[in-house]
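Positions 3 to 106 (our numbering) are the ones given, in order, by the sequence shown.
Written out below as structure tokens is the structure these notes cover.
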Amino acid sequence: MARTLTATGPAFPLWTQDQAVAYEAALEAINDVIAGYSEQIALEQASGAPNEGRIAWLEMRTDQATAIMHSLYVSDDENVRQTLIEYSAIVRARDEAEAATIAI
Numbered sequence: 003m004a005r006t007l008t009a010t011g012p013a014f015p016l017w018t019q020d021q022a023v024a025y026e027a028a029l030e031a032i033n034d035v036i037a038g039y040s041e042q043i044a045l046e047q048a049s050g051a052p053n054e055g056r057i058a059w060l061e062m063r064t065d066q067a068t069a070i071m072h073s074l075y076v077s078d079d080e081n082v083r084q085t086l087i088e089y090s091a092i093v094r095a096r097d098e099a100e101a102a103t104i105a106i
């Protein structure tokens, strides 16, 4: 007896390519921010007198970014757009601050 495979879901994409690109960009921005916070945590922990309050704040921000990343859905255009705007701004500000420090 032959087995027939049937599709249980829609036969069309659930999101557009533009949505997928925006979603991936938002995830990349969040991951970049998390990496920056992780670097700051490591530097703080390695200092002679670590600021525990700063470490706790950075860990809280890392947890918050992770929660936002897990809550995003590729076809949720508004939240993806807002996340991309916010986290890209954090990355740009960090990069500009680092560039200014290097230039000094």
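Glycine included, C-beta positions come from ideal geometry on N, C-alpha and C.
CB contact flag (residue i, residue j, <9 Å)
i: Gly38; j: Arg96; result: yes
i: Ser77; j: Leu16; result: yes
i: Ile57; j: Gln47; result: yes
Beta-carbon proximity list for residue i, same chain, < 8 Å, skipping 5 on both sides
i: Asp79; result: Gln21 and Ala24
i: Thr108; result: Residue 108 lies beyond the residue range present for the chain, which begins at 3 and ends at 106; the question has no answer from this structure.
Element boundaries [alpha helix (DSSP H), containing residue i]
i: Asp133; result: The requested residue 133 is not part of the displayed model; the chain covers only 3 to 106.
i: Ala28; result: Gln19 to Ala48
i: Leu60; result: Glu54 to Ser73
Counted within 10 angstroms of its Cβ, other Cβ atoms place residue i as buried (16 or more) or exposed
i: Leu45; result: exposed
i: Tyr89; result: buried
i: Ala91; result: exposed
i: Ile43; result: buried
Own chain residues within Cβ distance below 7 Å of residue i, not counting five before or after
i: Met71; result: Leu29 and Ile32
i: Asn81; result: Leu74
i: Ala27; result: Leu86
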